[in-house]
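Comments concern the structure below.
Numbering (the numbering used here), first residue to last: 1170 to 1460.
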């Protein structure tokens, strides 16, 4: 096989059959490196051990002198005394679980317990639902954010009229995903309430392989998995809801309830897919305006 000019020049620097000591070998390696990037070296060592035996297995780790070139930052989810302890230990960021989960951020294997109470409405001139989002784990999931292998066991209460409440997340943003997660607990109040997620709006969202066992007592629109979906591409698959769905007030203008989704509206060629989903939730609506 024909060799390139650089290869041939590098080969001249290596004396075949010579046993090099480590320092000399490393010097030759550096001299034969001609690429414009940082090259790698393979080291083959014959140890003469039988790795099938536990006492002869070889494991180890090497700390590189210059690291990876990236600063390591430590994020701790805690509060009160534990938050102070985390700061004292050198954590860069300390806080409770997210009110706002930013773009392209993943929460993996997280959980939360306790109670959350929302006492006021905060909406813009268009009553944008994101401003009133409340969730046990995350209030608002931004674009392409992911929650997976996580759960919430919480009691959520809304003492207002416009709240969007989900036991796991209040609102899911565009191209966000929830997978392999579950929610337990209860919700009282709120305009759009869901056992897992309160609402989605003009978004592409995915919920898969998740389940709930939640008592959902909302004011208007209630679902065992998702409260409402407006003009969104919706994919819900392999989910299960349980618990109880009921209305918290009997004088609402309208009330909708569903074991999986409370209300779906579709425009502009959007698609809704609900696949391999089941519900064991009981639905108890005591009003003549519900459907």
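Note that the Cβ used here is the ideal one computed from N, Cα and C, for glycine as well. Owing to the predicted nature of the structure, the values given are computational and were not obtained by experimental measurement.
(1) Can you grab the Cα-Cα spacing for the pair residue 1212 / residue 1200, in whole Å?
(2) Starting from residue 1276 and walking both ways along the beta strand (DSSP E), at which residues does that stretch end?
(3) Within the same chain, show all residues whose beta-carbon is closer than 6 Å to that of residue 1307, passing over the 5 residues directly before and after it, in chain order.
(4) With the cut-off set at 8 Å, would you say residue 1520 and residue 1431 are in Cβ contact?
(5) Assuming residue 1200 is part of the alpha helix (DSSP H), what are its boundary residues?
(6) I need the straight-line Cα distance from residue 1321 to residue 1438, nearest angstrom please.
(7) Just to confirm before moving on: does the CB-CB distance between residue 1397 and residue 1450 stay below 8 Å?
(8) What residue from 1371, 1445 and 1422 has the CA that sits closest to residue 1403's CA?
(9) CA-CA distance, residue 1447 and residue 1287?
(10) If I measure Cβ to Cβ from residue 1379 and keep anything under 7 Å in the same chain, skipping five residues before and after, which residues do I get?
(11) Tell me, to the nearest whole angstrom, how far the beta carbon of residue 1400 is from that of residue 1357; I am working on the premise that it is less than 8 Å.
(12) Here's a check: name, in chain order, each residue in its chain whose Cβ is nearer than 7 Å to the Cβ of residue 1198, leaving out the five neighbours to either side.
(13) Let me know the secondary structure DSSP gives residue 1322 once reduced to three states.
(14) So if DSSP puts residue 1391 in a beta bridge, which residue, or which two residues, is it bridged to?
(15) Kindly list the residues whose CB is nearer than 6 Å to the CB of residue 1324, restricted to its own chain and excluding five residues on each side of it in sequence; keep chain order.
(16) Helix, strand or coil: how does DSSP classify residue 1409 here?
(17) From which residue to which residue does the beta strand (DSSP E) around residue 1172 run?
(18) Less than 8 Å separating the beta-carbons of residue 1405 and residue 1452?
(19) For residue 1443, which of helix, strand or coil comes out of DSSP?
(20) Relative to the C-alpha of residue 1382, which residue among 1395, 1373, 1389 and 1374 is closest?
(21) Is residue 1302 helix, strand or coil when you go by DSSP?
(22) From this set, 1318, 1218 and 1182, which residue's C-alpha is nearest residue 1228's C-alpha?
(23) Closest to residue 1178 by C-alpha separation, out of 1435, 1203 and 1186, would be which residue?
(24) Check the DSSP bridge columns for residue 1432 and list the partner residues they point to.
(25) How many Å lie between residue 1424 and residue 1361 at the Cα?
(26) Leaving out five residues before and five after residue 1391 in sequence, what residues of the same chain have Cβ atoms less than 6 Å from its Cβ?
(27) Measuring CB to CB, does residue 1367 end up less than 8 Å from residue 1412?
Short version:
(1) Residue 1212 and residue 1200: Cα-Cα distance of roughly 17 Å.
(2) Bounds of the beta strand (DSSP E) holding residue 1276 are 1275-1277.
(3) If we look at residue 1307 and ignore the five residues flanking it on each side, its Cβ neighbours are 1267, 1270 and 1338.
(4) Only positions 1170 to 1460 of the chain appear in the structure, and residue 1520 is not among them; the question remains open.
(5) Residue 1200 -> alpha helix (DSSP H) spans 1191-1200.
(6) Between residue 1321 and residue 1438, the C-alpha separation is close to 34 Å.
(7) Judged by beta-carbon spacing, residue 1450 lies beyond the 8 Å limit of residue 1397, meaning their Cβ atoms are not closer than that value.
(8) Of the candidates 1371, 1445 and 1422, the one whose C-alpha sits nearest the C-alpha of residue 1403 is 1371.
(9) Going by the C-alpha atoms only, they are around 30 Å apart.
(10) Result list for residue 1379: 1347, 1348, 1349, 1350, 1351, 1365 and 1408, in chain order.
(11) Actually they do not touch by this definition, with Cβ atoms about 28 Å apart.
(12) Once the five neighbours on either side are set aside, the close Cβ partners of residue 1198 are 1210.
(13) DSSP places residue 1322 in strand when its eight states are reduced to three.
(14) DSSP lists 1362 and 1426 as partners of residue 1391.
(15) Excluding residues within five positions, the ones whose Cβ falls inside 6 Å are 1284, 1354 and 1355.
(16) Looking at residue 1409 - three-state DSSP - the assignment turns out to be strand.
(17) Residue 1172: not part of any beta strand (DSSP E); DSSP gives it neither H nor E.
(18) Against a cut-off of 8 Å, the Cβ pair of residue 1452 and residue 1405 comes out as no contact.
(19) Note: residue 1443 maps to strand in three-state DSSP.
(20) Of the candidates 1395, 1373, 1389 and 1374, the one whose C-alpha sits nearest the C-alpha of residue 1382 is 1395.
(21) Looking at residue 1302 - three-state DSSP - the assignment turns out to be strand.
(22) Ranking 1318, 1218 and 1182 by Cα distance to residue 1228 puts 1218 first.
(23) Checking every option, the nearest Cα to that of residue 1178 belongs to 1203.
(24) For residue 1432, which the question treats as bridged, DSSP gives the partners 1397.
(25) Here the C-alpha atom of residue 1424 lies approximately 10 Å from the C-alpha atom of residue 1361.
(26) Same-chain partners within the cutoff: 1362, 1385, 1414, 1426 and 1431.
(27) Note that the C-beta distance between residue 1367 and residue 1412 is not below 8 Å.
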